[in-house]
Structure formats: C-alpha cells, structure tokens
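Participant: Residue numbers (our numbering), protein chains in the order written: chain A, 1 to 505; chain B, 1 to 505.
Even glycine gets a Cβ: it sits at the ideal position worked out from N, Cα and C.
It should be emphasised that the depicted structure is a prediction, and the values quoted were computed from it without experimental measurement.
Have a look at the structure that comes next, please.
There are 2 protein chains.
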Amino acid sequence: MNPQTYILTHFGGFWRFVQSVPWLRRKVNRFLINSSIDRTATRPYPFTTLNPYTSWESLTDRTYSNRHLPAVEQPPNLPDTNTLADLFMRRGETILCPKSTVLFAYFAQWFTDGFLRTDGNNPGKNTSNHEIDLTPLYGVNKPVTEIIRAKHGGLLKSQMINGEEYPPQLCENGVVKTEFAGLKQVQFGDRSPEEKNQFFAMAGDRSNVQIGYVMLNVLFLREHNRIAGLLAREYPAWDDERLFQTARNIVIVILMRIVIEEYINHITPLQFPFFLDPGAFPNERWYRQNWMAVEFTLVYRWHMLIPDKLTVAGASVDPWTTMWNTSLITDRGLGALFEEASRQPAGKVGLFNSPRFLREIEVRSIQMGRDLHLASYNDYRATYKMPRVTDFSEISSNPTVQSELKRLYGNVDRIDYYIGLFAEDTVPNSVLSPLIGTLVAIDAFSQALTNPLLNPNIYNERTFSPLGMELIEKTSRLTDVLHRNIPAGSPNFYVSLTREDWKRV
Amino acid sequence: MNPQTYILTHFGGFWRFVQSVPWLRRKVNRFLINSSIDRTATRPYPFTTLNPYTSWESLTDRTYSNRHLPAVEQPPNLPDTNTLADLFMRRGETILCPKSTVLFAYFAQWFTDGFLRTDGNNPGKNTSNHEIDLTPLYGVNKPVTEIIRAKHGGLLKSQMINGEEYPPQLCENGVVKTEFAGLKQVQFGDRSPEEKNQFFAMAGDRSNVQIGYVMLNVLFLREHNRIAGLLAREYPAWDDERLFQTARNIVIVILMRIVIEEYINHITPLQFPFFLDPGAFPNERWYRQNWMAVEFTLVYRWHMLIPDKLTVAGASVDPWTTMWNTSLITDRGLGALFEEASRQPAGKVGLFNSPRFLREIEVRSIQMGRDLHLASYNDYRATYKMPRVTDFSEISSNPTVQSELKRLYGNVDRIDYYIGLFAEDTVPNSVLSPLIGTLVAIDAFSQALTNPLLNPNIYNERTFSPLGMELIEKTSRLTDVLHRNIPAGSPNFYVSLTREDWKRV
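Written out as structure tokens, the structure is:
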C-alpha cells in the first residue's frame with residue numbers, strides 16, 4: 001500500500017475534521033477526484049472498436065465503443081474460454097461480501113444498465129447515449145419516452161395498486177397493449193402469458209427482467225411524478241412539457257448525487273466521503289465528451305454479487321424466482337422490498353463466486369475481450385499507473401487462484417484482462433479489486449461529472465427552478481427517496497447499500 | 001481603440017521579432033486565442049432553439065441549434081423586415097473591400113457551408129455534424145461518402161478532362177446516373193438538361209451551385225487523391241479503407257491549417273499571425289464539445305462579398321453566369337480560375353452592398369432572428385464584453401446608415417442583431433465589423449481547435465503516418481495545395497485571399 005492510500009484509508013478522526021471545514025472539504029474532494037481520473041490519458045481516445053487505426057468515422061461514430069488501449073494481437077495458445085469460465089463458477093456456498101447488500105447489487109445493475117449498453121449483435125458496438133440520463137426510466141430515445149408519458153402535468157403514466165403507485169400494465173391477456181407497442185422487452189417472446197400480464201409498461205428494455213430493476217424503476221417513477229406534482233403547484237403557468245422536462249432534469253441530478261455520495265462512497269475504502277460539487281471541475285483536462293469504453297463495460301460484470309439464495313417475503317428462494325415476477329412488489333409494497341434487499345449480504349466480487357446459471361455469460365465476456373483484441377491484464381495495470389505484477393502471488397492471496405492461473409497461463413503477462421480484473425484480491429474495506437476500483441474511479445467520475453446538467457452554466461435555479469434546487473440539495477441517499485414515496489404511516493424501512501454489520505478493518 | 005488592440009495592430013517590427021522566437025510565438029498565439037474565446041461563457045450553453053428553457057432534450061439533441069443568449073420577447077413595433085432588407089441593397093456600384101479577393105468570398109462560403117447548415121424547413125434546426133469535417137467534399141454522412149469513393153487505393157471517384165482531374169459527371173442525358181442516385185443537389189429540379197449534364201458527382205448538396213464551390217471541391221478532391229496515392233506507395237500493406245481514412249484525416253488537418261494560418265490571418269487586423277498549434281489547448285475551459293449556434297450562422301451571411309460583376313475568362317460577367325456552370329473550369333483549368341478569383345476584389349462586408357438578387361435572403365435572415373427571438377444587437381455586444389453603443393454615430397461613420405437606423409429604430413437598443421452585425425464600420429485593416437470579428441474569433445477558434453484530430457492524443461504519426469505529418473507540416477496556404485495539383489509545367493499562378501494592392505493603414 002502506498003503512503004497516500006494508507007493515509008486515506010486510516011485516521012478517521014482527521015478525515016472527520018477535514019469534512020467539517022467546508023473549503024478544505026471541497027479542496028480535498030476535488031484533489032482526490034482529479035487524482036483518480038488522472039491515472040490515464042483523457043478522452044478523446046484515438047481508438048474505438050471500429051478499426052485498429054484512427055479514422056474520422058472512428059472519432060465520431062459513437063455506436064462503436066471507445067477503447068483505452070489499441071487493439072493488440074492476442075498471445076498464442078491462450079487458455080480456452082470454457083476452461084476459464086470454470087474459474088468464475090461458485091464452488092459450494094456463496095462467498096459473502098463483508099460490506100455490500102443485495103440492494104447494492106440491484107442498484108449497480110440498474111444504474112449501469114442505463115449507459116453500458118453493449119449491442120447484442122456485435123460486442124464492439126453499443127446502443128448507449130453515453131450519458132447518465134436514466135435510460136432505464138426514461139427510455140433510450142424520444143419515441144420511447146413519449147410512450148410512457150401521461151402528457152398532462154409532466155407525469156409518467158402510472159396506476160395505483162394497494163395504495164401505491166406503479167407503472168401501468170404492459171399487456172392485456174398476454175398481448176402488449178397498442179399504446180405500448182413501441183416498448184421493447186428483452187426475451188419477451190420466451191415468457192408465458194401469466195408472466196406477461198404482470199409486466200409493467202416501462203421504458204427500459206430490461207426493466208421487467210428482475211425484481212431489483214422493477215424496484216428501482218418504480219421508485220424513480222414515483223419520485224418523478226412527485227416532483228412534477230410539486231412543480232405544477234409551485235409554477236401553475238408551466239405546461240406539461242416544461243413540467244416533465246424540469247422534473248426529469250431534477251431526477252437525473254438526484255440520481256447523480258446518490259451515485260457519488262452513496263454508491264461511490266460505499267465502494268471506496270477511503271475515510272473521506274466524496275460529494276457532488278458541480279462547480280469544481282470546469283477547467284479539468286478530463287472534462288471531455290463522454291464515450292463509454294469496452295474496458296469499462298467489461299469491468300461492470302459483477303455477477304458474483306448475486307447470492308445463491310435471495311430472501312423474498314421472508315423465504316429463501318432461488319434467484320430466478322425473482323425474475324419476470326413483478327407481483328413480488330405489488331403484493332408487499334416497495335418499502336418492504338427495499339428493506340429486505342438491504343438486510344441481505346451480496347456475494348463477494350471475485351473468482352469462484354459467480355452463480356452457475358450465469359456461466360454462459362462468463363464465457364461470452366472472456367470471448368468478447370479476445371474478439372476485441374484487448375491488451376493483457378498486466379498491460380492494463382501499467383496503463384493506469386499500477387505496478388505490473390511479476391508473480392501470481394501478487395494478484396491473489398488465494399492459493400487456488402494462484403495455482404489455477406499458473407496452470408492455465410504459465411506467465412502473468414499472458415493473463416486476459418477480464419480474468420485479471422476478477423482474480424485480484426479485493427481492496428480492504430472496499431468491495432472491488434484494485435484494478436476494478438481504479439477503472440470505476442476513472443470512468444465513473446469522468447463520465448458522471450461531465451454531465452451537462454452539472455456544468456456551472458446550467459446547474460442553477462434557472463434550469464431546475466428554486467424548488468428543484470431545494471429538492472436536489474436535500475437528497476443524497478436512496479433512503480431519502482424511498483421514504484418520501486411510500487404511503488403515509490409506513491414504517492421506517494432500513495435502506496442501505498452497506499451491511500448493517502459492516503465494520504472497517 | 002483599447003490599448004491592447006492598439007499594440008496588436010501596430011509595431012510591426014516588434015511582432016516580427018515575437019514571431020522569430022519560437023517559445024514566445026507559442027505563448028503569444030495561445031494567449032491571444034484564449035483571450036478571443038474568453039469574451040463570453042463557454043459551451044455547454046444552457047439553451048438551444050428547441051425550448052425557451054433547459055431540458056434534457058435541449059442539452060442533447062443537436063439537430064436544434066445552440067444559442068449564446070436565451071430567447072427574449074421582441075420589442076414592439078420593430079421595423080418591417082422588407083424595409084430593413086433595403087438597408088442591405090447595393091445602391092449603384094459595388095463598394096469594394098480594400099483587402100479581400102473574390103477567392104476569399106469563395107473560400108468562406110465553401111468552408112462554412114460544411115458546418116453552418118441551417119435546415120431549410122426550420123431555421124431553428126440544422127443538419128450539421130458540428131465539426132469541421134469537410135462535409136462539402138466528403139458528404140454529410142457515411143452513405144453519401146460511400147457513393148463518391150472509388151473503393152480502391154483510398155481514392156475518390158474521378159475522371160480526367162484536358163489532362164486535369166475532376167469528379168465524374170453526375171448525370172447522363174440529363175438524368176442522374178444510378179450510382180449517384182443518393183447524392184442530393186439543391187434546386188436540381190429547376191435545372192435544364194444541359195446544366196445537369198455538366199454537373200459533377202460531388203458529396204456536398206450545394207457543390208455544383210457556383211463556380212467557387214466547384215473550384216474548391218475539385219482542388220481538395222485532387223489533394224485527397226494525391227495523398228492517397230503517396231500513402232499507397234509508402235504503405236503498400238494498407239487496404240483501400242485505411243488509405244482512404246488516413247488521407248481524409250490528413251486533408252482535414254491541412255484545411256484546418258489553411259483556415260487558421262491563411263483565412264483567419266487574412267480576416268484579423270493583428271500584426272501577429274496566428275498558427276495552428278495542436279498541443280496548446282488541452283486544459284482550456286472552452287475545450288468543450290462543438291455545437292453550432294444560431295448567432296454564428298447569422299454572422300456568416302457575407303452576401304456583400306459578391307461583386308456585381310465577376311471576371312471570368314477575361315470577360316466581365318454577371319455573377320449568375322457562374323452558377324450551375326462547371327464548364328467554366330474544365331475549359332480553362334483549375335489554376336487559371338484560382339488566379340482570376342485572386343486578382344478580383346471582393347465586395348466590402350456591410351450595409352448597402354448586397355447584390356439585388358439576394359434581397360429575399362436578407363429578408364429571410366432578418367426574419368430568422370425575429371422568429372428565433374434573438375436578443376438585440378446591443379445585448380449581444382454586452383454579452384461579448386463590448387461596450388453598449390449609446391448613439392447611432394457609435395455604430396457607423398456613414399451618415400446614411402446613421403440616419404436610416406435612427407429613422408427605422410428610433411433607439412439603438414432596439415436594433416436587430418442581424419442588422420447591427422452589418423451596420424458597424426469594419427475594423428481598420430480587417431474585413432469585418434467589430435461584432436462580426438468577435439463572434440468569428442469565439443466560434444471559429446473554439447470549434448476548430450477542439451477538432452479531435454488536433455487533440456494531443458491523436459495529432460501524431462500513429463494517426464497520420466510519418467508521411468502524413470510531413471504533408472501537414474509543409475502546407476499552410478491554398479497556393480501550396482493548388483500548385484501541387486495542377487499539371488506539371490503549368491505557370492506559377494497567383495492564389496491569394498488578400499488583394500495584391502492591399503496596404504496596411
């Protein structure tokens with residue numbers, strides 16, 4: 001551990017003092033974020049997945065994905081992807097993460113699904129807007145957004161069930177309603193009429209897949225409609241369009257605060273909690289147009305977070321019973337589900353801990369790295385200013401990981417990027433390995449903080465309204481959003497990405 | 001004149017010294033460019049032509065145009081646009097510009113046509129790529145580019161006529177050839193079969209309109225094919241795609257050098273000539289994603305540059321005889337036409353000097369400012385840190401301009417932006433008024449220098465090849481490009497944006 005990391009992860013009292021001095025807190029926040037991002041070259045990157053060289057098309061066609069490093073020839077005789085997938089498979093019980101809850105898993109999946117959108121037909125292409133724009137809630141483009149808007153009061157279409165607000169049903173008698181014909185749902189054809197009848201009409205194409213998606217989409221739908229209602233009362237002259245657009249802007253920035261202040265702070269081992277400081281970065285070299293990179297897409301495949309059993313309605317069930325099953329939420333209400341997900345530990349990110357039903361996806365992820373000619377694990381470490389590993393024992397303290405990697409690769413320089421990401425030990429007090437953590441810091445910070453809504457020209461009362469600014473300023477955690485969007489008189493639910501019993505080591 | 005401007009426009013000896021010291025030259029270049037741009041807020045701007053408020057759509061949908069200032073209610077009883085158009089009309093002889101040639105007019109029109117692309121159906125919308133990407137030569141998108149590529153050797157399709165290279169004919173017997181069916185040409189339906197048979201198959205939708213477009217497109221087509229040929233010889237392993245894409249990148253940067261080092265330096269009154277310094281601006285606050293603004297579009301309507309008579313083949317002719325008439329160029333060759341355009345003075349930018357046949361376009365331009373609810377001339381001056389004018393005599397020294405503006409507007413604060421741009425006296429030794437010059441500096445520099453090809457990550461031999469870097473480094477003027485693209489043994493032609501007889505005052 002280098003001295004800076006040691007200081008940042010210890011001396012809690014000192015860091016509490018730093019936080020209590022506003023100018024110092026801002027300076028430290030800015031310094032730490034800049035140093036996280038500055039570990040590698042900034043955008044624009046010379047290469048995308050289009051060509052192994054730079055063309056005007058590769059510099060402008062964002063349906064191809066960016067790449068941090070150019071394509072390289074793959075070393076000969078790399079281990080077979082099927083064999084490598086075995087390294088990911090859980091052997092016996094789920095290895096639990098000491099820090100994260102299942103809610104963390106749900107949030108990470110839902111949130112990143114909005115911008116890490118690999119094209120199913122071509123892993124080098126994407127369908128991303130390259131912005132954190134709440135695509136799962138609002139849809140990937142305007143035609144989709146139009147379908148889910150109520151077109152009055154700035155609202156999204158919704159219905160009440162058991163006194164709580166939900167999106168409308170997508171289908172009637174197993175057939176998609178005409179008004180929702182434009183909403184695509186993945187694997188829709190494989191679902192039974194009973195499952196289809198439960199589905200909600202939501203803009204994200206994966207929104208009905210698993211209960212975690214549904215929970216977060218329902219929560220943010222309620223928050224959108226709540227805010228639109230408040231704006232309508234405060235600004236009676238505004239039409240539907242202005243109410244909708246302003247509520248949407250406010251909701252996006254509320255999500256951004258949660259991402260930086262709850263989600264990122266959960267991930268990092270640092271004693272200093274980051275905060276969203278919109279005016280802080282106007283002159284930074286990294287403040288460049290967003291463009292999602294293939295390396296970032298592969299980083300975010302945290303399949304291990306899903307434990308072998310999930311607790312739902314007090315019962316321990318197989319994870320797939322939470323798929324295509326929205327009645328789990330309407331039966332018991334949103335608050336109870338958030339609490340249940342917050343009281344269960346997630347699996348730990350790393351090898352030997354992916355659920356067996358995701359084996360095929362691990363094979364495909366390894367293959368994707370090869371097909372896109374990614375550089376090796378060690379080359380990526382060097383790119384992000386991390387020392388190259390020289391021995392398998394520097395990657396993992398787990399003897400099985402060491403011996404398996406040695407057996408399969410022979411030499412640390414041959415390890416695939418995707419394998420290396422997950423083979424490393426997690427950082428103490430973090431939930432991720434050093435390489436994953438570094439990439440998340442670079443790309444999450446540099447892509448979130450360049451959101452146009454956070455630009456000093458735009459982050460103001462003129463954009464959000466005075467009421468909107470107030471709403472943004474008082475929200476930094478999911479629990480805030482949940483408790484203002486459940487029926488009056490509901491109990492106080494426990495909503496947390498971090499386990500109740502987590503203790504800093 | 002403020003002291004800085006005085007110093008910058010005088011003391012030629014001192015400025016020649018500054019240029020001779022490389023580090024000082026770089027520092028001054030950078031300082032002057034930064035101060036030009038820093039006269040107003042930087043992108044991202046909060047508003048576009050979509051809505052009078054900020055929405056996620058307005059922040060991301062670039063088919064709407066950016067705006068420097070938000071929409072404002074227009075003052076009551078503004079003068080009629082038809083009456084105002086009279087202020088633009090030439091009264092008698094063309095007022096000649098003491099500095100610019102007709103080649104300057106041709107270049108400005110052709111160059112800006114690539115990125116200032118107002119949508120004919122909606123003046124608030126555009127069809128721009130928002131980049132200087134040589135759209136007139138390569139087309140606005142990939143399907144168009146594909147049509148004009150030869151698909152071997154990285155070349156653009158071409159033919160030889162009288163020993164010189166030209167694009168192929170678009171039509172056969174007055175009908176567009178099948179292979180070129182995807183190439184749109186404005187007002188094509190109004191043309192006679194004889195005119196159509198002359199047309200070249202070019203990617204720009206206005207490329208055949210006037211001889212100036214044709215000249216510049218032919219020149220850059222030859223340059224592209226010449227460079228592709230050189231690359232093919234130097235890098236025999238490259239396929240058509242790589243040759244094409246690399247030649248295109250090189251040609252775009254060559255154009256960029258001409259824009260900064262010949263075109264901008266022609267416009268500015270400064271004694272210090274700017275130069276293209278790709279590495280100089282990586283940390284600037286203005287280094288933000290491009291997005292063309294309506295204000296910039298209106299700035300660039302320099303109709304007055306076109307004199308009442310053009311010299312073609314030694315004869316003085318009406319300008320419209322140079323329209324839809326590509327045989328002017330094939331009959332006499334490219335060099336002769338460049339020289340002829342370089343030996344004629346352009347009209348002077350300002351009121352009372354637009355050709356009568358463009359009257360309707362002036363009416364529409366004034367109306368466009370009104371329809372888009374642009375702020376007033378004086379508000380725009382203030383936005384760019386120029387003092388507000390308080391009297392008509394501060395705008396123009398021309399008594400007719402003063403009295404006409406007074407009669408029509410009554411008050412300087414009511415003057416339309418579009419009128420004010422052209423009512424001001426031109427700056428001594430420049431070819432533009434102070435307000436136009438300021439806007440050109442802000443938007444031309446800040447949009448050209450953010451071109452991804454100029455980014456330090458990309459501006460290197462890996463992108464352009466060592467040969468490409470050499471070609472870029474030795475080109476800074478149109479005359480360089482012309483003389484390497486005409487038949488061996490041609491005379492040395494005079495090619496210049498600046499009149500031979502121009503003297504600094």
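Does the beta carbon of Thr400/A come closer than 9 Å to any beta carbon on chain B?
Facilitator: Chain B, which has no Cβ nearer than 9 Å to the Cβ of Thr400/A, makes this no.
Participant: Give the DSSP bridge partners of Cys171/B, in chain order.
Facilitator: Looking at the DSSP assignment, Cys171/B forms a beta bridge with Val176/B.
Participant: Here's the rule: buried if 16 or more other CB atoms are within 10 angstroms of the residue's CB, otherwise exposed. What is Glu194/A?
Facilitator: Exposed: under 16 other Cβ atoms inside 10 Å.
Participant: According to DSSP, is Gly124/B part of a helix, a strand, or is it coil?
Facilitator: Gly124/B falls in the strand class under three-state DSSP.
Participant: I want to see whether chain B comes within less than 9 Å of Ser36/A, judged by CB atoms only; does it?
Facilitator: No - not a single Cβ of chain B is within 9 Å of the one on Ser36/A.
Participant: Can you find the residues in the same chain that come closer than 6 Å, C-beta to C-beta, to Pro307/B, ignoring five residues on each side of it along the sequence?
Facilitator: Here the set comprises Thr94 and Gly347.
Participant: Measure the beta-carbon distance from Gln185/A to Thr326/A and round it to whole angstroms, keeping in mind my assumption that it falls under 8 Å.
Facilitator: Not quite, the Cβ-Cβ distance comes to about 12 Å (not below 8 Å), so this is no contact.
Participant: Which residues mark the beginning and the end of the alpha helix (DSSP H) in which Asn367/B is found?
Facilitator: The residue asked about is misnamed: residue 367/B is Gln in this sequence, not Asn. Arg359 to Asp371 is the span of the alpha helix (DSSP H), which, as asked, contains Gln367/B.
Participant: How about Gly120/B and Ile147/B: do their beta carbons lie closer than 9 Å?
Facilitator: Cβ atoms of Gly120/B and Ile147/B: not closer than 9 Å.
Participant: Looking at chain B, which residues of the region 135-159 of chain A have a Cβ within less than 9 Å of any of its Cβ atoms?
Facilitator: Per Cβ criterion, the list reads Tyr138, Lys142 and Thr145.
Participant: Could you tell me the alpha carbon to alpha carbon distance between Trp15/A and Leu24/A, rounded to whole angstroms?
Facilitator: Looking at the two C-alpha atoms, the distance is approximately 10 Å.
Participant: Determine, for Arg30/A, whether the minimum Cβ-Cβ distance to residues of chain B falls below 9 Å.
Facilitator: No, Arg30/A does not count as interfacial toward chain B.
Participant: Could you tell me which chain B residues have their CB closer than 8 Å to the CB of Leu59/A, listed as they occur along the chain?
Facilitator: Per Cβ cutoff of 8 Å: Pro452, Leu453 and Ile458.
Participant: When Cβ atoms are compared, which residues of the region 239-265 of chain B fall closer than 9 Å to chain A?
Facilitator: Against chain A - using a Cβ distance shorter than 9 Å - the residues of the region 239-265 of chain B are Glu241, Arg242, Phe244, Gln245, Thr246, Arg248, Asn249 and Ile252.
Participant: Listing by chain order, which chain B residues have their CB less than 7 Å from the CB of Asn283/A?
Facilitator: Those are Asn283 and Arg285, listed as they occur along chain B.
Participant: Can you tell which of Ile252/A, Thr127/A, Ala336/A and Ser55/A has the C-alpha that lies nearest to the C-alpha of Tyr494/A?
Facilitator: The shortest C-alpha separation from Tyr494/A is found at Ala336/A.
Participant: Got a sec: is the Cβ-Cβ distance from Asp133/B to anything in chain A below 9 Å?
Facilitator: Yes, Asp133/B counts as interfacial toward chain A.
Participant: Does Val185/A come out as helix, strand or coil in the three-state DSSP assignment?
Facilitator: Note on residue identity: the sequence assigns Gln, not Val, to residue 185/A. Gln185/A falls in the coil class under three-state DSSP.
Participant: Unbroken beta strand (DSSP E) runs of length 3 or more, entirely within the region 389-429 of chain B: which are they?
Facilitator: Entirely contained in the region 389-429 of chain B, not one beta strand (DSSP E) run reaches 3 residues.
Participant: Could you name the residues of the same chain whose beta carbon sits closer than 7 Å to that of Tyr106/B, not counting the 5 residues immediately before and after it, in chain order?
Facilitator: Within the same chain, Tyr106/B has close Cβ partners Gly212, Met215, Leu216 and Ala341.
Participant: Within the 9 Å Cβ cut-off, does Tyr380/A reach chain B?
Facilitator: Judged by the 9 Å Cβ criterion, Tyr380/A is not in contact with chain B.
Participant: Measuring alpha carbon to alpha carbon, tell me which of Arg91/A, Leu439/A and Leu243/A ends up nearest Met304/A.
Facilitator: When only C-alpha atoms are compared, the closest one is Arg91/A.
Participant: Is it the case that the region 246-258 of chain A contacts the region 162-178 of chain A, given that we only count it when at least three CB pairs across the two stretches are under 8 Å?
Facilitator: Flag = no, the region 162-178 of chain A and the region 246-258 of chain A do not touch.
Participant: Which same chain residues end up closer than 7 Å to Pro452/B when comparing Cβ atoms and leaving out the 5 residues on each side of it in sequence?
Facilitator: Same-chain partners within the cutoff: Ile458.
Participant: Which value, in whole angstroms, describes the spacing of the CA atoms of Leu276/A and Leu449/A?
Facilitator: Going by the C-alpha atoms only, they are around 8 Å apart.
Participant: Check the Cβ of Tyr45/B against every Cβ in chain A and list those closer than 8 Å, keeping chain order.
Facilitator: Correct list: Asn457.
Participant: Enumerate in chain order the residues of its own chain whose CB-to-CB distance from Leu230/A is below 8 Å, with the five nearest sequence positions on each side excluded.
Facilitator: These residues qualify, in order along the chain: Leu467 and Leu471.
Participant: How many angstroms separate the CA atom of Ile260/A from the CA atom of Pro456/A?
Facilitator: Near 18 Å, if we compare the C-alpha coordinates of Pro456/A and Ile260/A.
Participant: Quick check on Tyr53/B - is its C-beta less than 9 Å from some C-beta in chain A?
Facilitator: For Tyr53/B, the answer is yes, since a Cβ of chain A falls inside 9 Å of its Cβ.
Participant: Among Ile486/B, Thr498/B, Val505/B and Arg499/B, which one has its Cα closest to the Cα of Asn162/B?
Facilitator: Here the closest residue by C-alpha is Ile486/B.
Participant: Could you check whether the Cβ of Ala41/A sits closer than 9 Å to any Cβ belonging to chain B?
Facilitator: Closer than 9 Å to some Cβ of chain B, the Cβ of Ala41/A qualifies, so yes.
Participant: Between Arg343/A and Pro434/A, what straight-line distance do the alpha-carbon atoms span, to the nearest angstrom?
Facilitator: Roughly 27 Å between the two C-alpha positions.
Participant: Per DSSP, Thr512/B is paired with what?
Facilitator: No statement about residue 512/B is possible, as the shown extent of chain B runs from 1 to 505 and does not include it.
Participant: Kindly indicate which residue of Glu295/A, Thr63/A, Asn2/A and Asn290/A has the alpha-carbon position closest to the one of Ser376/A.
Facilitator: Comparing Cα-Cα distances from Ser376/A to each of Glu295/A, Thr63/A, Asn2/A and Asn290/A, the minimum goes to Glu295/A.
Participant: Could you tell me which chain A residues have their CB closer than 9 Å to the CB of Arg462/B, listed as they occur along the chain?
Facilitator: Neighbours of Arg462/B on chain A, chain order: Pro46, Tyr53, Thr54 and Pro70.
Participant: For Gln289/B, go through chain A and note every residue whose CB falls closer than 7 Å to its CB, in chain order.
Facilitator: Here the neighbours are Gln289.
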